[in-house]
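Please read the structure below before turning to the comments.
4 protein chains.
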Amino acid sequence: MKQARHTDSIVFEPRNPNYVRRVREAFEGQPMLASLGVELFKIDPGYCELHLPYRPDISQNHGYFHGGAIATLADVSGGFAGWSLLPEGMWIVTVEYKTNIVAPGRGEKLIGRGRVVRSGRSLTTTEIEVLAINNGREQLCATALQTLMSVEAKP
Amino acid sequence: MKQARHTDSIVFEPRNPNYVRRVREAFEGQPMLASLGVELFKIDPGYCELHLPYRPDISQNHGYFHGGAIATLADVSGGFAGWSLLPEGMWIVTVEYKTNIVAPGRGEKLIGRGRVVRSGRSLTTTEIEVLAINNGREQLCATALQTLMSVEAKP
Amino acid sequence: MKQARHTDSIVFEPRNPNYVRRVREAFEGQPMLASLGVELFKIDPGYCELHLPYRPDISQNHGYFHGGAIATLADVSGGFAGWSLLPEGMWIVTVEYKTNIVAPGRGEKLIGRGRVVRSGRSLTTTEIEVLAINNGREQLCATALQTLMSVEAKP
Amino acid sequence: MKQARHTDSIVFEPRNPNYVRRVREAFEGQPMLASLGVELFKIDPGYCELHLPYRPDISQNHGYFHGGAIATLADVSGGFAGWSLLPEGMWIVTVEYKTNIVAPGRGEKLIGRGRVVRSGRSLTTTEIEVLAINNGREQLCATALQTLMSVEAKP
Numbered sequence: 337m338k339q340a341r342h343t344d345s346i347v348f349e350p351r352n353p354n355y356v357r358r359v360r361e362a363f364e365g366q367p368m369l370a371s372l373g374v375e376l377f378k379i380d381p382g383y384c385e386l387h388l389p390y391r392p393d394i395s396q397n398h399g400y401f402h403g404g405a406i407a408t409l410a411d412v413s414g415g416f417a418g419w420s421l422l423p424e425g426m427w428i429v430t431v432e433y434k435t436n437i438v439a440p441g442r443g444e445k446l447i448g449r450g451r452v453v454r455s456g457r458s459l460t461t462t463e464i465e466v467l468a469i470n471n472g473r474e475q476l477c478a479t480a481l482q483t484l485m486s487v488e489a490k491p
Numbered sequence: 337m338k339q340a341r342h343t344d345s346i347v348f349e350p351r352n353p354n355y356v357r358r359v360r361e362a363f364e365g366q367p368m369l370a371s372l373g374v375e376l377f378k379i380d381p382g383y384c385e386l387h388l389p390y391r392p393d394i395s396q397n398h399g400y401f402h403g404g405a406i407a408t409l410a411d412v413s414g415g416f417a418g419w420s421l422l423p424e425g426m427w428i429v430t431v432e433y434k435t436n437i438v439a440p441g442r443g444e445k446l447i448g449r450g451r452v453v454r455s456g457r458s459l460t461t462t463e464i465e466v467l468a469i470n471n472g473r474e475q476l477c478a479t480a481l482q483t484l485m486s487v488e489a490k491p
Numbered sequence: 337m338k339q340a341r342h343t344d345s346i347v348f349e350p351r352n353p354n355y356v357r358r359v360r361e362a363f364e365g366q367p368m369l370a371s372l373g374v375e376l377f378k379i380d381p382g383y384c385e386l387h388l389p390y391r392p393d394i395s396q397n398h399g400y401f402h403g404g405a406i407a408t409l410a411d412v413s414g415g416f417a418g419w420s421l422l423p424e425g426m427w428i429v430t431v432e433y434k435t436n437i438v439a440p441g442r443g444e445k446l447i448g449r450g451r452v453v454r455s456g457r458s459l460t461t462t463e464i465e466v467l468a469i470n471n472g473r474e475q476l477c478a479t480a481l482q483t484l485m486s487v488e489a490k491p
Numbered sequence: 337m338k339q340a341r342h343t344d345s346i347v348f349e350p351r352n353p354n355y356v357r358r359v360r361e362a363f364e365g366q367p368m369l370a371s372l373g374v375e376l377f378k379i380d381p382g383y384c385e386l387h388l389p390y391r392p393d394i395s396q397n398h399g400y401f402h403g404g405a406i407a408t409l410a411d412v413s414g415g416f417a418g419w420s421l422l423p424e425g426m427w428i429v430t431v432e433y434k435t436n437i438v439a440p441g442r443g444e445k446l447i448g449r450g451r452v453v454r455s456g457r458s459l460t461t462t463e464i465e466v467l468a469i470n471n472g473r474e475q476l477c478a479t480a481l482q483t484l485m486s487v488e489a490k491p
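Chains as they are written, first to last, in the working numbering: chain W, 337 to 491; chain X, 337 to 491; chain L, 337 to 491; chain V, 337 to 491.
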């Protein structure tokens, strides 16, 4: 039997009852996500799942998803996971992240799943999995580790 | 209910039936681990758990575990997780890793848990949790994401 | 007087006399770069500079360059720097990278500058700066550290 | 001629005239650094150079410097570079860092050189080179990219 992850035992409470609407607004406010075709699939406290259907104009030399599309999906999946825990009047910015591309982004869709592993007063840490769905079969494409910072929203 | 991690569904098969002895030899061949007091607690295929009891001479300004001890534990927990899947005659070196220190290393013991998330022909990707045990209570201290490379063992 | 960087003293020799054409072909083979509007500005052995003019459709909530555009520029600036040192018949893939977004991507243009700091047989390490040009003034927007792997080109 | 790095053009002013003494006190307050044998070689505003002479008890399987010693040196070289710019009454903690080990730590000494590349109100970004001195010849051993946070010092 596998040793469970400590981080999977952590339960997060939203500090804003309207967190789903809040994330949706932040998502819709980023024109680049519409340009790429990213879809908001699921928001839970400390969790966000995004989908990105394949299109040739976001591909690389072999016709697979471009690394830039994979990294963008990782970044925003983690970012909106962090956003789901924000109090009213705060905003999230990405401080930094690191991503390992463990397999080509081959298939009809990418799925990004961001999970908060620590939610501090100012900094939030998230982990992200990006999966490639190829003929319906799910494969790990990338994994990422991210730092977010809460800042006061601009009026 | 929480969405399970894709990586938790992956099962690894050892390529060397003597993988436990192999990891133990590699562990014992690193004098720095004895200097710090690191203990090999558990080896499974693609998994390694190491313990590090507190000592004042590996502490920082507030008397907690030094960040160098935390990072070393993260690095070798992931490294030996990768080593457990090596075929005979191969060796592991760390290419790079990134670690987020999410809380001070406060307490009587650190626990490092390394998990392989992708085992390729040449490169292996691992994820690591470092927990601080404080009065018996477990807290997340650090999380890390690491790349290892298999090389032929020197004679 | 500032201490010079060790890595700035390293000089790289191209292993393929046609390295400029090689990088240009690789660049032109990635549809996502044309979609974003990335321009290949300069290639030297172990160095690549890319430009990305501002467009609203690659922006985020405040109208600045989206983090995904910044990270993509960082990734490919480092990638093509590595590509410039490849022997004939080889190909570059990104293993992983980490990027710190140190300031918003505000301005009329982003510049990505990738530099190889170590070129091994199989792995290449690069460092990247992304600068934001705002009313003609250059500001550091992101810095990144990247691992690339050489693989045999598919026929 | 090589393109100069943008970050090399940035000049930092110390916010505390006693920054050298301040860093020295922080350095001496970390017992782990004395245990490893780390020496404080040079402090300038936004810069720190540390030395680590070779000892067998901080080595790995081949008798070279252990990766944990390399990473610890990288972390604290960047950390004290950040510390040099702190105002009175503040303290530095490492949020995260990523290090690429580009060559074995072979030789009689390691040198860590940390440089601040961005000094913000709360967060500081640093870059670090770790060099191995082997028979007097300097070689790049590791490069790192780090995030630090300023916190109020405990009384």
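Here a beta-carbon is modelled for each residue, glycine too, at the ideal position from N, C-alpha and C.
Exposed unless 16 or more other CB atoms sit within 10 angstroms - verdict on residue i
| i | result |
| --- | --- |
| G365/L | exposed |
| Q339/W | exposed |
| A407/L | buried |
| H398/X | exposed |
| A480/W | buried |
| A370/L | exposed |
| V347/L | exposed |
| E463/X | buried |
| E465/L | buried |
| D411/W | buried |
| E457/W | Correcting the residue identity first, residue 457/W is Arg in this sequence and not Glu. Looking at its Cβ environment, which holds fewer than 16 other Cβ atoms inside 10 Å, R457/W is exposed. |
| R358/L | buried |
8 Å Cβ cutoff met for residue i and residue j
| i | j | result |
| --- | --- | --- |
| V400/L | T435/W | First, the residue type needs correcting, since residue 400/L is Tyr and not Val in the sequence shown. No, the pair does not count as a contact, with Cβ atoms beyond the cut-off. |
| L409/X | G448/X | yes |
| L372/V | L386/V | no |
| E488/W | M426/W | yes |
| L459/W | N352/W | no |
| G441/V | A417/V | no |
| Q396/L | M368/W | yes |
| R379/V | S413/V | Before going on, a small fix: residue 379/V reads as Ile here, not Arg. Taking 8 Å as the Cβ cut-off, I379/V and S413/V do not qualify as a contacting pair. |
| V431/X | T343/X | no |
| T312/W | T483/V | There is simply no residue 312/W to check, as chain W begins at 337 and stops at 491 in what is shown. |
Cβ separation of residue i and residue j, assumed to be a contact under 8 Å, to the nearest whole Å
| i | j | result |
| --- | --- | --- |
| I437/V | C477/V | 7 Å |
| G450/L | A468/L | Going by Cβ atoms, the distance from G450/L to A468/L rounds to 16 Å, so no, they are not a contact pair. |
| G382/L | S455/L | 7 Å |
| Y390/V | K445/V | 6 Å |
| I394/W | G415/W | That belief does not hold up - the Cβ atoms of I394/W and G415/W are roughly 19 Å apart, past 8 Å. |
Partner residues on chain C for residue i, Cβ-Cβ distance less than 7 Å
| i | result |
| --- | --- |
| A417/W | No chain C is part of this structure, whose protein chains are labelled W, X, L and V. |
Ordered list of alpha helix (DSSP H) runs contained in the region 376 to 454 of chain L, each at least 4 residues:
Scanning the region 376 to 454 of chain L from its first residue to its last, the whole alpha helix (DSSP H) runs of 4-plus residues come out as 403 to 419.
Interface residues of the region 459 to 478 of chain X facing chain L [CB-CB below 7 Å]
Residues of the region 459 to 478 of chain X with a C-beta atom less than 7 Å from some C-beta of chain L are L459, listed in chain order.
For the region 368 to 392 of chain V, list every residue whose C-beta sits within 9 Å of some C-beta in chain L, in sequence order.
Answer set for the region 368 to 392 of chain V: K378, D380, Y383, E385.
Against chain L: residues of the region 431 to 459 of chain X by CB proximity under 8 Å:
Here the close residues are V431, E432, K434, S458, L459.
Could you please tell me which residues of the region 343 to 364 of chain X, in chain order, have their CB closer than 8 Å to any CB of chain L?
Across the region 343 to 364 of chain X, no CB contact with chain L closer than 8 Å is found for any residue.
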